[in-house]
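S.K.: Can you keep this structure in mind? I'll have questions shortly.
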Amino acid sequence: MTLEELLNKLEGVKKVGNSYMAYCPAHSDKHQSLSVKETNGRILLHCFAGCSLESILDALGLKVQDLYTNHKEKFTEDKTEDNEKRIVAVYDYTNETGQLLFQVVRYEPKDFRIRRFVDGRCVYNLGDVEPVLYKLPELIKSQQVFVAEGEKDADNLAKMGLTATTAPFGAGKWRANFNKYFIDKDVIIVPDFDEVGIQHSFKIEEQLKPIAKSVKILNPESLNLKEKGDISDWIESGGTKEQLLEILQEEKNFLSKEKWQKKKKEKETLKLLNTVIEEIYEPKAIDFHNGVLTYGTIWNSKKVLISSDYKVKEVENANFMCSNLTPEIAKRFLEKKEKVDGAGLVQELANFIGSHVFFTDANTPIFLGMWVIGTYLHPLFIYYGYLWITSPMKRCGKSLLLDILSCLCFNATPRLISPSSASLFRQVESDCNTVILDEMERIRTDDVETYHDIISLLNGGFQQNSVIPRVSKDRSHTIHYFRVYSPKVIAGINKVADTIEDRAFKIIMSRKKKNESVCRFNIVKEKKRIDELKARLYLFSLNFAEEISDVYHSATGEWKDIFSLDDRLQDISEPILSIASVIDEAFKSNFYDKTVEFILKKGRKRRDVEGENSVKAFLEILSSKLTAGENEIFVPTSELLRDVQNDENLKFITSGKRLSQFISNLSEDAPTPILKRGFGRGYHVKKEWLDEMMERY
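Residues in the sequence shown are numbered from 1 upward in steps of one, following the UniProt record's numbering.
So, in structure tokens, the structure goes:
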């Protein structure tokens, strides 16, 4: 057949460039949607309304070989994709009384064809049959109607007991004659999560609003659909009628044209920004980038990034050191999609720490558990406060606590004593280590230059994006900017700089009494338990990173429970409170209140201490002032200052302020200075407290 002969069989033919457009004979065509073009001895037909080649040829009374214009070329009908298709569903379209008009046939691989029956024979076109809505009789009887984007979606909604319909031929095929069936009805449009589906829903809304009682468009994002997803995907993933009806109760779950256009513009801007960021983005052992938490690790001898959106990305020429996330943990997350009970994790961390280390405050192990979780999430936050572990003297459990934290925290260093500043800068830069520094006073004594380097690292390292410049010692004198943000634990007896104290949560350790016991810590015996805790720390962080980030950034500066604290303490408390808040919300626990209580109790006390002999000497002075039978005494500050100046071990206490700092560091419930009429400033000392301190020290 020649091209001219074929065109003579069509109506509404017009030439467009090198091809022709005509009314498609396979459906009731109001616009020329059939493209006709001759190329390489063959006529090509394509219906932009979606009709298949077979249905077009049936309507014209032709066969595939009729499309070949070069009769000298031998035609062989190869096994085409059409021959391999199989029917997976047939959808009946009826009139108002239920009489069958036509069917939509669904094939696999995915394809759709229209067919009707004429004298018992299948005809693959509509002919003069007017298209109608799917499940029309049910639609007419119902007050509330769901308009889906396809027959499968409508059927799945119907299985829930809801009335649902759709237009034949898919998105963009809504006809004005459909509108009359929606007069005074409550209409909920359920689009697919793509641009075509959303725009289709807006067009339906525009036509139905003047006549329907109400018209709303369900936002696909309220169903947590992935792009290109639909309501059937949501139902297949476990969505129920009750959940859907609950979603429909909230106005925020509906979509408006203005809201969608704004979101679309934001996405386009973000996509452009991400393109730029992707070019300069440098992978790290841990990062939070575009709402996704990533951990760098080794998998099959290759460096990869494991991300919280369940992706694995190989990183070429990566210079970063990896996290200690193992392939086994990655598989639990990626393959099993394992979820972790956050409340159970906090409690187990608290139990583990508290079973080996003695604390006078029951909330301390819980707070430490929260802080450990935060080390796996610290890139989410602008600030992350340090832990400052201190005690009045040695043998109070500081080093033991540091060893345990080293086992649990993200990429933690061992307990470091007198490290070089160069090694610290490089570890934080490449590994994002949780740095564990012990015996800070020794660093100050051993190497003044190193001490000042470490102090500069600590001054800036609690804040995101902090960098410290250092000049190379070779002839080039190159300036290198080191990133220093990471979690850090500092331990020691002596006073640290006020700027460091300001950036830290102070944990005062106490020597346990004879009747107070804890379990000995053996890292070999506890390895299995530690490994499982670390696995759950990774899994929890991957599960909840985005949610914790949302809470943190939406609530920054608005945590009313800590308004009484200074700004810096609020800054470093907000990450911990965000974690506690998300855990309480998800698992119905009460860790938030306990965390707030702990933080408020800290009181940001300043203090000074000079060796264990000073503690014993001071306690002996107080003890000498108590007479038999007294349960409490008031000691004026002036009297105490005179007594301590006469003791060689206490001569460093030279003022009332230094005395107050010294006393406040003895314990969490140490006496505080008060003003007593007739005596001036001084301290109420209770015999019960003094006896306990004497027993400890």
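Here a beta-carbon is modelled for each residue, glycine too, at the ideal position from N, C-alpha and C.
Enumerate in chain order the residues of its own chain whose CB-to-CB distance from THR165 is below 8 Å, with the five nearest sequence positions on each side excluded.
M.R.: Reading the sequence shown from its first residue, position 165 is the one you call residue 165. LEU133, TYR134, LYS135, LEU136, GLU138, LEU139, VAL145, PHE146, VAL147, ALA148, ALA154.
S.K.: Short of 7 Å in beta carbon distance, which residues of its chain neighbour GLU597, apart from the five on each side in sequence? Order them along the chain.
M.R.: Taking the sequence shown and counting its residues from 1, one reaches residue 597 at position 597. Hits under 7 Å: ASN363.
S.K.: On the CB-based measure, 16 or more other CB atoms within 10 Å of its CB, does ASN522 come out buried or exposed?
M.R.: Locating residue 522 in the sequence shown gives position 522, where the first residue counts as 1. It counts as exposed.
S.K.: State the start and end residues of the unbroken beta strand (DSSP E) segment that holds CYS122.
M.R.: Counted from its first residue, the sequence shown places residue 122 at position 122. Where CYS122 is concerned, the enclosing beta strand (DSSP E) stretches over 121-123.
S.K.: Is the region 390-408 in contact with the region 297-314, if contact means three or more CB pairs nearer than 8 Å?
M.R.: In short, these stretches do not touch, since the Cβ pair count stays below three.
S.K.: My output table needs one value for PRO671: the three-state DSSP class, helix, strand or coil.
M.R.: One-based indexing of the sequence shown puts residue 671 at position 671. Looking at PRO671 - three-state DSSP - the assignment turns out to be coil, as it is neither helix nor strand.
S.K.: Thinking C-beta only, is VAL372 closer than 9 Å to PHE591?
M.R.: Taking the sequence shown and counting its residues from 1, one reaches residue 591 at position 591. Taking the sequence shown and counting its residues from 1, one reaches residue 372 at position 372. Contact: no.
S.K.: Whose CA, out of LEU100, PRO131, ASP111, lies closest to the CA of GLY120?
M.R.: Reading the sequence shown from its first residue, position 120 is the one you call residue 120. Selected option, being the one with the closest Cα: LEU100.
S.K.: Taking 8 Å as the threshold, find out whether the region 344-361 comes into contact with the region 550-568 through three or more Cβ pairs.
M.R.: Output reads no: the region 550-568 does not touch the region 344-361.
S.K.: Buried or exposed: where does GLY161 fall if 16 or more other Cβ atoms within 10 Å of its Cβ makes it buried?
M.R.: The residue you call residue 161 lines up with position 161 of the sequence shown. With fewer than 16 Cβ atoms within 10 Å of its Cβ, GLY161 is classed as exposed.
S.K.: Skipping 5 residues on each side, what residues in its chain have a beta carbon closer than 7 Å to that of LYS213?
M.R.: The count along the sequence shown starts at 1 and reaches residue 213 at position 213. Excluding residues within five positions, the ones whose Cβ falls inside 7 Å are ASP184, LYS185, ASP186.
S.K.: From the DSSP output, in three-state form, read off GLU695 for me.
M.R.: By 1-based counting over the sequence shown, the position of residue 695 is 695. Reduced to three states, the DSSP call for GLU695 is helix.
S.K.: What residue range is occupied by the uninterrupted beta strand (DSSP E) comprising TRP299?
M.R.: Residue mapping note: residue 299 aligns to position 299 of the sequence shown, counting from 1. Unbroken beta strand (DSSP E) run through TRP299: 292-299.
S.K.: Could you give the distance in angstroms between the alpha-carbon of THR76 and the alpha-carbon of LEU67?
M.R.: Start at 1 with the first residue of the sequence shown, and residue 76 comes out as number 76. Start at 1 with the first residue of the sequence shown, and residue 67 comes out as number 67. Bear in mind that a pLDDT of 36 at THR76, under 50, signals an unreliable position, so the model cannot answer this.
S.K.: So the alpha helix (DSSP H) ILE235 belongs to, where does it begin and stop?
M.R.: Here residue 235 refers to the residue found at position 235 of the sequence shown. Note, ILE235: alpha helix (DSSP H), 231-236.
S.K.: Out of ARG536, SER28, ILE247, GLU620, state which residue places its alpha-carbon closest to the alpha-carbon of ASP691.
M.R.: Position 691 of the sequence shown, counted from the start, is the residue given in the question as residue 691. Among ARG536, SER28, ILE247, GLU620, the Cα nearest to that of ASP691 is on GLU620.
S.K.: Reducing DSSP to helix, strand and coil, say where GLU242 ends up.
M.R.: Taking the sequence shown and counting its residues from 1, the one referred to as residue 242 is at position 242. Correct three-state label for GLU242: helix.
S.K.: Under DSSP, the alpha helix (DSSP H) around TYR538 begins and ends at which residues?
M.R.: Residue mapping note: residue 538 aligns to position 538 of the sequence shown, counting from 1. First-last of the alpha helix (DSSP H) with TYR538: 527-555.
S.K.: Where do the ends of the beta strand (DSSP E) carrying THR94 lie?
M.R.: As a working note, residue 94 is residue 94 in the sequence shown. Segment 86-94, the beta strand (DSSP E) holding THR94.
S.K.: Going by CA-CA distance only, name the one from LEU60, PHE634, GLY369, ASN665 that's closest to GLU5.
M.R.: Stepping through the sequence shown from its first residue, residue 5 is reached at position 5. Looking at the Cα atoms, LEU60 is the closest of the given residues.
S.K.: What is the C-beta distance between ARG649 and ASN613, in whole angstroms, given that I count them as a contact (C-beta under 8 Å)?
M.R.: Position 649 of the sequence shown holds residue 649. Position 613 of the sequence shown holds residue 613. Rather than Arg, the amino acid found at residue 649 in this sequence is Asn. The pair is a contact, with the Cβ atoms about 4 Å apart (cut-off 8 Å).
S.K.: Kindly list the residues whose CB is nearer than 6 Å to the CB of ASP502, restricted to its own chain and excluding five residues on each side of it in sequence; keep chain order.
M.R.: Translated into the one-based positions of the sequence shown, residue 502 becomes position 502. Excluding sequence neighbours, ASP502 sits near ARG568.
S.K.: Buried or exposed, going by whether 16 or more other CB atoms sit within 10 Å of the CB of HIS71?
M.R.: Position 71 of the sequence shown, counted from the start, is the residue given in the question as residue 71. Unreliable placement is indicated for HIS71, whose pLDDT of 44 sits below 50; no coordinate value is reported for it.
S.K.: For HIS200, report the span of its alpha helix (DSSP H) as first-last.
M.R.: As a position in the sequence shown, residue 200 is number 200, starting the count at 1. It spans 195-208 - the alpha helix (DSSP H) in which HIS200 sits, taken as one unbroken run.
S.K.: Could you tell me which of THR627, ALA628, LYS657 sits nearest to LEU640, measuring between CA atoms?
M.R.: The residue you call residue 640 lines up with position 640 of the sequence shown. When each option's Cα is compared against that of LEU640, the closest is LYS657.
S.K.: Here's the rule I'm using: 16 or more other beta-carbon atoms within 10 Å means buried, otherwise exposed. How should GLU246 be labelled?
M.R.: The count along the sequence shown starts at 1 and reaches residue 246 at position 246. Answer is exposed; the Cβ neighbour count stays below 16.
S.K.: Kindly indicate which residue of GLN143, THR163, PHE193, GLU206 has the alpha-carbon position closest to the one of TRP174.
M.R.: On the sequence shown, residue 174 is found 174 positions in, with the first residue counted as 1. Comparing Cα-Cα distances from TRP174 to each of GLN143, THR163, PHE193, GLU206, the minimum goes to GLU206.
S.K.: Between which two residues does the alpha helix (DSSP H) carrying GLU314 extend?
M.R.: Residue numbering aside, residue 314 sits at position 314 when the sequence shown is read from its first letter. Unbroken run through GLU314 is the beta strand (DSSP E), 311-314; no alpha helix (DSSP H).
S.K.: Using a Cβ-Cβ cut-off of 6 Å (strictly less than) and excluding sequence neighbours within five positions of ARG681, which residues of its own chain qualify?
M.R.: Position 681 of the sequence shown holds residue 681. Excluding residues within five positions, the ones whose Cβ falls inside 6 Å are THR637, PRO673, LEU675.
S.K.: Under 6 Å Cβ to Cβ from LEU458, same chain only, skipping five residues before and after it: list those, please.
M.R.: Within the sequence shown, numbered from 1, the residue matching residue 458 stands at position 458. Same-chain partners within the cutoff: ILE500.
S.K.: Is it true that the CB of PHE288 sits closer than 9 Å to the CB of SER549?
M.R.: As a position in the sequence shown, residue 549 is number 549, starting the count at 1. As a position in the sequence shown, residue 288 is number 288, starting the count at 1. Yes, these two residues count as a Cβ contact at 9 Å.
S.K.: Apply the 10 Å Cβ neighbour rule to GLU688 and answer buried if 16 or more other Cβ atoms are within range, or exposed otherwise.
M.R.: Looking up residue 688 in the sequence shown gives position 688. GLU688 should be labelled exposed.
S.K.: Give the single residue among CYS24, GLU38, LYS331, LYS30 whose Cα lies nearest to the Cα of residue 704.
M.R.: This structure cannot settle anything about residue 704, because the visible part of the chain is limited to 1 through 697.
S.K.: DSSP puts MET21 in a beta bridge; with which residues?
M.R.: In the sequence shown, counting from the first residue as 1, residue 21 sits at position 21. Partner(s): LYS14, SER35.
S.K.: Would you identify the three-state DSSP class for ASP403, choosing helix, strand or coil?
M.R.: Translated into the one-based positions of the sequence shown, residue 403 becomes position 403. In the structure shown, ASP403 sits in a helix (DSSP, three-state: H, G or I).
S.K.: Roughly how many angstroms lie between the CA atoms of LYS594 and ALA580, to the nearest whole one?
M.R.: As a working mapping, residue 594 is identified with position 594 in the sequence shown. As a working mapping, residue 580 is identified with position 580 in the sequence shown. The straight-line gap from Cα to Cα measures roughly 9 Å.
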